[in-house]
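Residue numbers (the working numbering): 1 to 189.
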């Protein structure tokens, strides 16, 4: 051909695609998967505290759910002013409505269970509401399988919340779990 002098007679180099770090990655992982423990504390630490994507996902959902407006009504009317609404607006001395519900929804997302303690509710409307950590709470079932108490453990100290037919100081909110009657299933499990 006319332009054969431009080829200079070199053969095409064989095409080879490989990562320079491939052997290092394969050596480091040894081909094994390392799973974290399946308890709530370890999953929360690995999936939420140490994971910025997990942290942001839980935070976005909890904040959005806490921002939803609440409506209090019965079969006859909607209430704009009510003692229950007053407690929800200022549930305790340390939190407002948004912080309380964000903490509750965060517990529900991380463990599948959320626990609200109603302080002073024996006489009707509670004086305060507090979110209790779900990793510290355990349900005590009765002979019929229904809860008779909740044990809240901090270190070596344990506090028992008794449940009666008339009154329960604990409101247990749980997500669906197909194989457990007492506890909810966490989305991160």
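The C-beta atom is built at its ideal place from N, Cα and C for all residues, glycine as well.
**First through last residue of the beta strand (DSSP E) which encompasses residue 44** = In the chain shown, residue 44 corresponds to position 44, counting from 1. Not the beta strand (DSSP E): residue 44 falls in the alpha helix (DSSP H), residues 40-44.
**Request:** Could you tell me the distance, in whole angstroms, from the CA atom of residue 76 to the CA atom of residue 124?
**Result:** Within the chain shown, residue 76 is the residue found at index 76, counting from 1. Within the chain shown, residue 124 is the residue found at index 124, counting from 1. Counting only the Cα atoms, residue 124 lies some 21 angstroms from residue 76.
**Prompt:** For residue 110, which of helix, strand or coil comes out of DSSP?
**Reply:** Along the chain shown, read from residue 1 onward, the residue named residue 110 stands at position 110. In this structure, residue 110 counts as helix in the three-state DSSP scheme.
**Message:** Closest to residue 106 by C-alpha separation, out of 57, 136, 122, would be which residue?
**Reply:** Working through the chain shown from its first residue, we reach residue 106 at position 106. Restricting attention to 57, 136, 122, the CA atom closest to the CA of residue 106 is found in 57.
**Prompt:** Comparing the C-beta of residue 46 with each C-beta of chain D, is any distance below 7 angstroms?
**Reply:** Given the protein chain composition of this structure (a single chain), no chain D is represented.
**Prompt:** Under the three-state reduction of DSSP, which class applies to residue 167: helix, strand or coil?
**Reply:** Reading the chain shown from its first residue, position 167 is the one you call residue 167. DSSP places residue 167 in the coil class of the three-state scheme, outside both helix and strand.
**Prompt:** Hey, how far is the Cα of residue 166 from the Cα of residue 116?
**Reply:** Here residue 166 refers to the residue found at position 166 when the chain shown is read from its first residue. Here residue 116 refers to the residue found at position 116 when the chain shown is read from its first residue. The straight-line gap from Cα to Cα measures roughly 17 angstroms.
**Message:** Can you look up residue 139 in the DSSP assignment and give me helix, strand or coil?
**Reply:** For this step, residue 139 is matched to residue 139 along the chain shown. The DSSP-derived three-state label of residue 139 is strand.
**Prompt:** Should residue 137 be labelled buried (16 or more other beta-carbon atoms within 10 Å of its own) or exposed?
**Reply:** By one-based count along the chain shown, residue 137 stands at place 137. Residue 137 sits buried, since 16 or more C-beta atoms from the chains shown fall within 10 Å of its C-beta.
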